[in-house]
Amino acid sequence: MFEARLGQATILKKILDAIKDLLTEGTFDCSDSGIQLQAMDNSHVSLVSLTLRSDGFDKFRCDRNISMGMNLGSMAKILKCANNEDNVTMKAQDNADTVTIMFESANQEKVSDYEMKLMNLDQEHLGIPETEYSCVVRMPSMEFARICRDLAQFSESVVICCTKEGVKFTASGDVGTANIKLAQTGSVDKEEESVSIDMQEPVTLTFACRYLNAFTKATPLSTQVQLSMCADVPLVVEYAIKDLGYIRYYLAPKIED
Amino acid sequence: KKIQGSIRNYFTAK
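Note that the protein sequences, when read in sequence, are chains A and B. FYI, this note's numbering numbers position 62 of the first sequence as 64, with every residue one higher than the one before it. FYI, this note's numbering numbers position 3 of the second sequence as 26, with every residue one higher than the one before it.
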């Protein structure tokens, strides 16, 4: 028996919004430690890794490990039927071929449940090596989304250059060149507005704007985003999900032909 | 000219 309950459906809606543009389907691997999903996008350029810890749920029970393959478009349709403040419970029997998603209004006067067919997805799991990143940038997630949106107008690619002075985003195309530089913030009142850079060595890498923009669909999950970079390895874009876990996107850099 | 690499080239299949 698997059962997981969250106090607010809005969190699950935001998580789905953060992955459904990159992935059409995904396997939710459930164990007593929580729920994990790892999947590459269709073109195998990026990888999404979602971790939701069991202790972040209002109720969590998983007697036997189960893998639930879901069509994310179908799940998004179901989540559309929930009000943001509804409780949401996911339930499945061991070896079941369906999952039940139930919404309850705060006053318990409305209860709805949706049974969704599970899929057998033959998804390949990739081992992600431990990496010492040369640069780790933390910045407001809205600022990152704004930069990705703005620079995508000028080029398909953005060059991210991180030094101890700051982080620079550059896009060059037919129009010309756009540069956006962010310096580390001094003392700020609100931690969520700060930009911090932890640099061992300077790094310059090139990435596809299209994927960076897809990652920013996770912006509503977190006020801050963390970018981890190292020469010749994928960028990690991480959004923490408060008291519940995180979503990490890995993006292969563009390389010299 | 830069080309897009695959994420598979960086991570190993489990």
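Where a beta carbon is used, it is the ideal one built from N, C-alpha and C, also for glycine. Bear in mind that the values here come from a model prediction, so they are computed numbers and not experimental data.
Tell me the rounded alpha-carbon separation between residue i and residue j.
| i | j | result |
| --- | --- | --- |
| A/I103 | A/R7 | 10 Å |
| A/N89 | A/N73 | 22 Å |
| B/I30 | A/T218 | 19 Å |
| A/V138 | A/C164 | 9 Å |
| A/S196 | A/R63 | 38 Å |
| A/N85 | A/S107 | 8 Å |
| A/P222 | A/S230 | 20 Å |
| A/Y251 | A/G188 | 28 Å |
| A/Y213 | A/K82 | 25 Å |
| A/S51 | A/A220 | 12 Å |
| A/A233 | A/V177 | 29 Å |
| A/Q110 | A/Y116 | 17 Å |
Compare the beta carbon distance of residue i and residue j with 8 Å and say whether it is the shorter of the two.
| i | j | result |
| --- | --- | --- |
| A/S35 | A/R55 | yes |
| A/P258 | B/K37 | The amino acid at residue 258 of chain A is misidentified as Pro; the sequence shows Glu. It is not a contact, given that the beta carbons lie outside the stated cut-off. |
| A/G58 | A/E27 | no |
| A/F209 | A/V169 | no |
| A/S143 | A/T53 | no |
| A/Q228 | A/R148 | no |
| A/A78 | A/L24 | no |
| A/L14 | A/L128 | no |
Considering only residues of the same chain and omitting the five flanking positions on each side of residue i, which have a CB-CB separation below 7 Å?
| i | result |
| --- | --- |
| A/S76 | M118 |
| A/N215 | C150, R151, A154 |
| A/Q10 | N86, E87 |
| A/D203 | The sequence given here places Glu at residue 203 of chain A; Asp does not occur at that position. Correct list, in chain order: S136. |
Sort out for me which residues DSSP pairs residue i with in a bridge.
| i | result |
| --- | --- |
| A/I130 | According to DSSP, which records beta bridges pairwise, A/I130 is partnered with nothing at all. |
| A/L74 | Looking at the DSSP assignment, A/L74 forms no beta bridge with any residue, so it has no partner. |
| A/C137 | A/M201, A/M231 |
| B/Y33 | DSSP lists no partner for B/Y33. |
| A/F209 | A/V160 |
| A/T100 | A/K119 |
| A/A185 | A/G168 |
| A/T29 | A/G71 |
| A/M92 | A/A6, A/I103 |
Using a Cβ-Cβ cutoff of less than 6 Å, which residues in the same chain neighbour residue i once the five nearest sequence positions on both sides are dropped?
| i | result |
| --- | --- |
| A/S69 | T29, D31 |
| A/G175 | F156, S157 |
| A/L184 | G168, V169, V197 |
Margin query: Counting only Cβ-Cβ distances shorter than 9 Å, please list the residues of the stretch 32-63 of chain A near chain B, keeping chain order.
Written below: Sequence-ordered contacts of the stretch 32-63 of chain A with chain B read M42, D43, S45, H46, V47, S48, L49 [C-beta pairs closer than 9 Å].
Notebook entry, point to check: Any residues in the stretch 118-141 of chain A with a beta carbon nearer than 9 Å to a beta carbon of chain B? Which ones, in chain order?
Noted result: Residues are counted here when their Cβ sits less than 9 Å from a Cβ of chain B; for the stretch 118-141 of chain A these are E126, H127, L128, G129, I130, P131, given in chain order.
Check: the stretch 213-236 of chain A: which residues have C-beta closer than 8 Å to a C-beta of chain B, in chain order?
Finding: Residues V235, P236.
Item checked: Positions along the stretch 188-202 of chain A whose CB lies within less than 7 Å of some CB in chain B -> Residues of the stretch 188-202 of chain A that bring their beta carbon within less than 7 Å of a beta carbon in chain B are absent altogether.
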